Structure formats: structure tokens, C-alpha cells
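One structure below.
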Amino acid sequence: MYWPTGNYTLLETVGGCPVDVKEEWRTGSRFHMGDGQNYISPLFNLHGNYTKKYFEHTFCSHVGMIDNTLIPRYQTYWDPGHYCIMRLHGKCPNGFKDGYIEMDDLNGFEALSNTKGTVPDGEYHRNTGFYFCCRSDGDLDVPIVLPKELPFSLFMASKADDCQTVRGMSYKKEFFVFDDENVDVHMKKEGAIPELKDCDNNTMIYFCFYTPLDCGCKDNDGNFIKTGSKLTSGCVTYECTETQNIEHLEVFEGGCSVGDVCRKENETWTETQGEKCNQNICQRDLDERGQIIFVVKSVKIGCQDGDVCRDIGYTKSRGCYVTECRLHPTSYMPYFYLRRAGCSDGAGGCIALGSTYTKDCITYKCRKETTRCGNEFVKGGCKYYGECKDPFMAFKGHGCNLLQCVMERNGTSIRLYVQNLVSMCSYNNQCYKIGQTVRKGCFVRRCMAGTHGYACHMGLDTGGCAMSDGTCLNVGDTYEDRRQCVTYYCKQEQRGSSVTFSKKIQTMGCLFRGTCVPEGSFHNISCSEYVCSVKVATNDRYTARLDPYKRACKDFKGNCIAMGESIEESCNTYTCDDNNSAHTPVLRFISQRCKDNTGLCRSVGAEWRDDTRCMTLKCNTYPFPNGKSSLQIAPSKMGCMYQGVCRQPGEEWSGGSCLTKSCLVTSSNGRYYKSVRTKAAGCKDPRAGTCRKPGEEWEHVFRNGCAMLVCITCDKGGYKPSVARYLCKDVNGRCRQIGDKGFTVKYRNRYYNGCECKANGIHAKISCGGKK
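This note's numbering puts the sequence shown at residues 1 to 772.
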């Protein structure tokens with residue numbers, strides 16, 4: 001066997017490079033330094049030099065054949081599978097996808113790196129990178145075929161869990177680990193690449209080492225098949241088994257090759273040829289050497305009926321035909337024999353041969369032709385409103401026409417139809433001659449002859465548009481409807497074979513105070529300005545109306561208030577808006593305040609003094625049972641107005657004549673009551689005319705003596721003077737206190753000097769010189 005043609009590179013193994021055609025193989029190497037921790041798998045069968053500090057890879061590069069006509073008989077090809085090779089000369093072989101892996105060589109030792117001979121595509125400057133060709137389009141367990149004379153290596157494809165099997169070869173899974181630079185790392189990987197692990201700044205690449213089998217089963221090509229392995233040839237899969245130390249190929253599963261399809265053992269299928277169908281089965285058999293073979297055997301033959309193979313003797317009915325599956329007496333080929341035939345009556349029934357039937361005024365006869373049954377025309381007539389009319393017979397039609405049934409023959413074709421002999425037009429139960437006109441509404445119709453003289457009809461001669469007042473508007477003319485402020489024009493339109501007349505709106509305005517105003521004009525209503533707007537709805541209906549342009553409200557004094565603006569009138573606040581069902585601008589009540597006697601507006605809860613009535617007033621909300629409320633001004637504080645002076649509740653003041661006035665205010669159920677009360681302020685000194693306070697003492701001179709009076713409170717209220725103690729009176733009419741000495745008194749017209757005032761109980765006595 002010979003290696004596949006083309007350009008590619010393999011890692012050189014300990015067995016050297018392939019020797020099938022020495023001229024096609026080139027050798028080379030790549031030397032590069034790692035970071036000191038390179039290592040390889042325990043079993044390692046690559047040629048070259050792989051140490052902890054450096055790797056030297058050696059390569060076997062295939063450079064293709066010079067003359068393709070020299071391709072040998074046992075040339076191999078790159079079969080589908082899961083494996084990788086190295087790229088050479090910029091392109092992968094067919095079926096492969098390329099990828100790239102770059103290892104980061106030790107910095108500072110780049111000068112030691114070198115390449116020799118022919119090397120695969122890659123990066124060979126500061127770092128070492130290889131281009132790969134990988135494929136993942138097959139099954140690992142389906143062997144590919146490559147030359148088996150010498151050991152060789154292939155790379156494991158990415159995400160493959162094992163090596164690709166190769167016919168007649170055993171394999172070992174091996175790897176090498178390159179310790180990449182640990183500083184400023186520049187590792188790369190992209191595209192379709194071999195199985196790779198690149199953690200911890202190490203690049204681990206897996207490859208498979210293949211060696212020829214020297215035991216197992218030998219196939220027809222002389223290749224060894226490993227015991228327990230399977231080999232597929234055509235539609236049969238063989239397994240290499242061992243029985244009593246004898247290895248041999250045993251059929252594992254098989255089938256029959258039918259065209260380009262493998263039919264499984266005991267599988268049935270149907271083949272057709274015309275009406276013949278043949279049902280076959282694939283079964284196991286032995287050839288003349290006693291070897292197992294798989295052959296196609298016929299199960300049955302029959303007649304093909306759609307997708308079903310019918311047995312001989314099967315009868316089927318289709319319409320008016322009955323057929324039977326039979327074998328031809330001379331060719332012995334299955335076919336459907338016609339047992340019974342008839343003609344279809346078009347309604348699901350069958351007409352026997354030689355029988356006649358009538359349908360739509362035509363009589364048919366069923367007769368047998370060479371290949372089928374057919375209906376033969378016997379006689380016929382014209383069908384007119386459910387009646388059959390004989391050919392060439394004239395008759396009065398429905399309406400105003402005189403008609404005739406006509407039969408025409410053209411070879412085997414027969415045509416029956418009704419034609420007009422004399423044509424008139426029927427319109428509103430009246431007959432009109434051709435050319436005669438009649439008016440109805442705004443339309444004038446004319447009796448017109450039909451094509452080929454077949455029929456006539458009342459065609460439109462002239463037309464117009466009917467207006468609301470009953471008048472007719474000619475095409476192109478205009479009509480002004482002042483009640484609706486619309487100007488119409490009449491338009492004629494052709495719709496297929498019919499003509500329509502319709503009134504169209506030319507202009508439309510708005511009705512304003514009994515007058516039509518044009519579209520776009522502005523008009524004032526109260527405080528608002530409106531514009532005449534014309535709009536078209538989806539059904540081409542026009543509407544005109546006065547739409548608000550600038551809207552405002554009129555206040556209670558006739559002034560205009562803009563939308564959203566608020567005013568206060570009689571302590572009530574109003575806002576101009578259109579928040580109502582008619583969407584009309586109106587002054588809407590917002591809030592209310594209390595109006596005091598000076599005309600000022602007071603907010604709810606506010607208090608103020610009314611000195612004219614000696615009270616403090618407050619603006620309150622008073623609720624009604626119906627849920628509404630109103631504002632009321634009510635006293636919150638009240639005093640007493642007395643002689644033009646406002647007195648506060650509880651305040652006391654002098655009322656003259658030893659009297660005290662006081663302001664008394666009470667409330668009940670929210671109402672206030674006030675009164676001015678008078679009470680004695682003390683005791684009135686009759687001699688001095690002054691008012692003595694309760695408990696106050698003062699001297700009082702009697703005609704015959706002197707006393708110290710005190711103002712006391714009576715049991716029933718009020719005050720009165722009472723003698724606290726008596727005093728002594730001197731010659732001058734002055735009162736002397738108990739204990740006073742050295743004063744002069746007059747007694748019975750005699751004067752006594754050096755007198756002393758002494759107590760005698762509550763009374764007083766005068767002692768003068770020991771004598772009185």
C-alpha cells in the first residue's frame with residue numbers, strides 16, 4: 001500500500017519515516033527551549049530529542065507525486081474519522097480543516113532555536129508554532145486504511161476520547177508537555193487542533209503511535225483484524241473472534257445490496273414495474289464453498305394498486321369499472337383484468353352498456369369503445385327555465401323576446417343554445433323596442449340590442465344625481481344646500497361594466513347664527529373663538545363643525561376669563577374649564593371663603609376681631625345631612641360692650657358709687673350669652689365719700705367720739721362698715737389711738753392737758769392728770 005497523495009507532515013517515530021516511495025518523503029527538525037520543566041508520557045515512541053530543558057522534533061514530510069498517472073493500485077486515501085496531521089505548503093488535504101497551536105519559548109534563548117530540512121507550516125522565530133489539519137467527520141471505531149508496513153503517528157482530534165482505529169494496526173496513546181515561558185506569556189490556539197491541555201503555562205499535546213498487528217484475523221486484502229474488532233465489507237459486518245485458539249472472521253450482521261441501498265437481514269420491500277409488484281426479502285444462505293452469503297428472495301408477486309401490492313385474485317371497484325388481479329396466460333405477468341364496465345351518469349350512478357339516459361334535455365347512450373366506456377349523444381334540446389325546447393323550435397321567452405333553440409354540429413362536437421329571433425327590452429313590466437327610451441328619476445334608459453343579436457337590455461342613456469329637494473343634478477353641475485352649508489357636484493364613475501352617478505361634496509362650511517361660513521373662518525361666541533373645521537371620516541363621510549380655537553369663560557361682571565384662570569367673586573373662587581359633559585367653558589366653583597362685615601374674605605379657620613360688637617369671629621364649615629356644607633361666620637370669643645368700651649370675659653372694672661362691674665360670657669350649643677354684672681366694691685365712707693376695700697380700716701369721727709371702722713362682708717353678700725375699736729377724740733376733733741399721750745381734750749367746756757388714750761374693752765377712755 002502507498003500513503004495518500006498530497007502535501008502533509010507526520011511526526012517521525014522510532015521506526016523512522018515511511019519508505020513506500022522514498023522520493024516523496026523529506027525529513028527535517030525543530031529545536032526550541034522550554035522553561036525547564038518539559039516532560040513526556042511514560043511510553044514515548046517519537047524520534048528526536050525530548051528533554052526537561054528543550055525539545056527537538058523530527059518530521060516526515062510527504063511532498064506528493066510528480067506524475068499522477070503513476071498512482072499504484074493499492075493507493076490509500078485520507079478516510080473520514082477523528083484525527084489530525086500537520087499542514088505543509090499552506091493547504092490541508094480535502095476533508096480536513098486547519099488550526100494553529102503556538103508554544104511560548106523561553107525568553108532570552110531564542111538564538112538557540114533552529115530548524116533544519118523540511119518542516120511543517122508554522123512559526124519559527126521568537127516562539128514555536130505548528131499548523132495542523134484535523135477532521136471530525138467519522139467514527140473512531142470505524143477503521144481507516146493506511147499503509148501498515150512501518151509504525152507511524154497521528155494526532156488525536158480535539159474532544160476525542162481515544163485514538164482513531166486503523167485497519168491492521170494497534171495503537172498507544174502518548175503525549176508530550178512543553179513548559180511555556182512563565183513571564184509575558186504568548187501562547188495561542190485557534191481553529192481545528194489536536195487534543196490539547198494548556199493549564200499552568202504548559203502545552204500538553206496528545207498523539208497516537210501505531211504499530212502493525214501480527215495476530216488476529218486476516219481479511220481478503222491480507223490485513224490483520226484485531227481480535228474483538230469488527231470489519232464492514234459491502235452490506236456485511238464481520239467480527240474477529242477466537243474459538244479453541246483459532247482466530248477467524250465471523251458474520252456479525254449482514255444484509256443484501258440492492259442498488260445503492262443495503263437491505264437488512266429479513267427486511268421486506270416491494271419493487272414495482274408497471275402494474276407488476278414484487279415483494280422481496282433479504283435472507284441468509286450458503287454459497288458452494290459453505291460461506292455465509294445474503295441473497296434476495298421473492299415472497300410474492302401481484303398487481304400494484306397505488307401504494308399496495310394486491311394478491312392474485314384481488315377484485316377492486318373504481319367508479320363503473322370492476323377489475324381483477326390475474327396472471328397473463330402467455331407472459332405470466334400480473335395485471336388487472338376488466339370484468340365489468342359501464343358509463344357514469346355524472347351523479348354517482350352507473351349506466352349499463354346499451355342503456356340510454358337523459359340529463360339537462362340531452363339523451364345519451366352508453367356504448368363500449370376500444371379502451372373505455374363512453375356516452376354517445378342520441379338527441380338533445382335547449383333547457384330554458386326548467387323546460388326542454390326542441391331544436392329549431394321558436395317560443396316566447398320570459399319577458400319580451402321571441403326565442404329559438406339552435407343546435408350546431410362541428411364534427412363530434414354538438415352545441416345547443418337559445419338565441420333571440422325578435423328582441424325587445426323588459427323594464428318595470430313593460431316592453432320597449434330597440435332605441436326606445438324611458439325616464440325614471442334622474443336616469444334615462446334606452447333599449448339596446450345585445451351582441452350577436454342574442455339579447456337586448458335597457459342600457460343607461462343619460463343620468464344625473466338626485467338631490468334632497470327632488471331635483472336632478474347633471475354631471476359636472478353644482479348644487480348648493482344652504483341648510484347643510486354644502487356644495488355638491490355630480491360625478492359619473494365607471495365600475496366594471498356598470499356606471500354609477502353619485503353626488504360628491506365640493507365644499508362644506510359651518511352654520512353660524514343662521515349663516516353659512518367657509519371652512520377655516522373664525523367666529524366669536526361669548527368669550528370663546530371658534531374655527532370652522534371640515535373632517536373626512538374613513539367611509540368618505542364629511543363632517544363640519546365649529547371647533548373651539550380659543551376658549552374662555554365670562555365672569556359675573558361680563559369680563560372674559562382664560563381657560564385655567566381662576567377668579568374670586570363674593571369670596572367664592574371659580575376656575576374656567578370645560579370639565580363637563582358638553583365640554584363647554586364655564587366657571588366652575590372651586591372653593592369658598594367667609595366675607596366679614598368690612599368686606600374682607602376670610603379663609604376657613606381664620607379668626608378676626610370685630611371691635612364694634614366686642615367679639616372674635618371665625619370662618620367655619622357647617623355640614624348638611626345630604627353631605628354638602630356651607631360656610632358660616634360664628635363667634636369664637638365674645639366680650640361685653642359697656643359704655644363704648646369692650647370688656648373681656650371675666651374682666652372687672654369700677655362702676656362708681658363703690659360698685660364693681662364684671663363681664664360674664666357663657667356658651668351653650670355653640671351659642672354665646674353675655675351680661676354685665678354689678679356688685680359692691682367695698683364700704684362707702686360717708687364722711688370722706690371714698691370707697692373702702694373689704695378689710696380696710698379707717699378713722700371715723702362721731703359727734704361724741706372717735707372709732708376705727710373696718711369694711712366687712714355681709715352674710716348675704718355685700719359689704720358694710722363695722723366698728724373695729726373705739727378711739728379717743730382730742731380738743732381739735734382728731735382721733736387718738738390707744739396708747740397716745742400728751743394731747744388736750746375739752747370736756748364740759750373745760751380743757752384738760754396731758755391726756756392719755758387707754759383701752760376699755762372695745763371702748764376707749766381718756767385719762768388726764770389722773771382725772772377725767
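We put the CB at the ideal spot given by N, CA and C, even for glycine. As the structure is a prediction and not an experimental result, all values here were calculated from the model.
With a threshold of 16 other CB atoms inside 10 Å of the CB of residue i, please say whether the residue is buried or exposed.
| i | result |
| --- | --- |
| threonine 58 | buried |
| threonine 9 | buried |
| alanine 707 | buried |
| isoleucine 312 | exposed |
| leucine 146 | buried |
| threonine 370 | Reliability of the predicted coordinates at threonine 370 is poor, the pLDDT of 49 falling under 50, and the value obtained from them is presented with this limitation in mind. By the neighbour-count rule (16 or more Cβ atoms within 10 Å), threonine 370 is not buried but exposed. |
| isoleucine 590 | exposed |
| valine 19 | exposed |
| asparagine 753 | exposed |
| tryptophan 25 | buried |
| phenylalanine 624 | exposed |
| phenylalanine 155 | buried |
| alanine 764 | buried |
| lysine 772 | Note that lysine 772 scores 46 on pLDDT, short of 50, meaning its location in the model is unreliable and no value can be drawn from it. |
| aspartate 121 | buried |
To the nearest angstrom, how far is it from the Cα of residue i to the Cα of residue j?
| i | j | result |
| --- | --- | --- |
| cysteine 350 | valine 236 | 56 Å |
| threonine 232 | cysteine 262 | 12 Å |
| glutamate 569 | glycine 558 | 12 Å |
| glycine 117 | serine 29 | 7 Å |
| serine 581 | asparagine 620 | 33 Å |
| isoleucine 505 | glycine 476 | 12 Å |
| tyrosine 751 | tryptophan 698 | 27 Å |
| arginine 126 | aspartate 179 | 15 Å |
| arginine 736 | cysteine 658 | 28 Å |
| valine 499 | histidine 457 | 15 Å |
| threonine 270 | serine 257 | 15 Å |
| leucine 797 | glycine 99 | The requested residue 797 does not occur in the structure, where the chain is confined to residues 1 to 772. |
| alanine 544 | phenylalanine 512 | 11 Å |
| leucine 112 | leucine 46 | 22 Å |
| cysteine 282 | aspartate 260 | 15 Å |
| glutamate 607 | glutamine 592 | 16 Å |
With a Cβ-Cβ cutoff of 9 Å, do residue i and residue j count as a contact?
| i | j | result |
| --- | --- | --- |
| threonine 315 | threonine 323 | yes |
| serine 170 | alanine 157 | no |
| cysteine 490 | glycine 464 | yes |
| cysteine 571 | methionine 563 | no |
| tyrosine 131 | arginine 87 | yes |
| valine 177 | threonine 211 | no |
| leucine 587 | cysteine 614 | no |
| alanine 466 | glycine 441 | yes |
| lysine 173 | aspartate 162 | yes |
| methionine 638 | lysine 595 | no |
| cysteine 303 | tyrosine 332 | no |
| aspartate 547 | serine 526 | no |
| valine 710 | alanine 688 | no |
| isoleucine 762 | tyrosine 726 | yes |
Nearest CA to the CA of residue i: which residue from the options?
| i | options | result |
| --- | --- | --- |
| valine 251 | Phe294, Asn45, Lys226, Arg736 | Phe294 |
| lysine 300 | Ser317, Asn280, Gly470, Gly81 | Asn280 |
| threonine 76 | Asp477, Tyr2, Pro548, Arg326 | Tyr2 |
| valine 438 | Leu421, Leu88, Thr462 | Thr462 |
| glycine 95 | His248, Cys84, Asp121 | Cys84 |
| glycine 234 | Ser533, Lys264, Phe209 | Lys264 |
| leucine 150 | Cys17, Asn420, Gly122 | Cys17 |
| lysine 389 | Leu140, Asp360, Val63 | Asp360 |
| serine 497 | Cys516, Met508, Leu460 | Leu460 |
| valine 731 | Ala724, Val745, Asp740 | Val745 |
| aspartate 347 | Asp740, Arg340, Arg339, Tyr357 | For the record, residue 347 in the displayed sequence is alanine; it is not aspartate. Of the candidates Asp740, Arg340, Arg339, Tyr357, the one whose C-alpha sits nearest the C-alpha of alanine 347 is Tyr357. |
| proline 694 | Asn704, Gly670, Gly254, Pro721 | Pro721 |
| asparagine 428 | Arg445, Gly290, Gly705 | Arg445 |
How is the beta strand (DSSP E) around residue i delimited, first residue to last?
| i | result |
| --- | --- |
| glutamate 102 | 97-103 |
| tryptophan 698 | 697-701 |
| phenylalanine 55 | 54-63 |
| glycine 6 | No beta strand (DSSP E) holds glycine 6; DSSP gives it neither H nor E. |
| glutamine 632 | 629-638 |
| threonine 678 | 671-680 |
| serine 528 | 528-536 |
Got a sec: does the ligand MN put a non-hydrogen atom nearer than 8 Å to the Cβ of residue i?
| i | result |
| --- | --- |
| glutamate 288 | The model on display carries no ligand, and the ligand MN is accordingly not part of it. |
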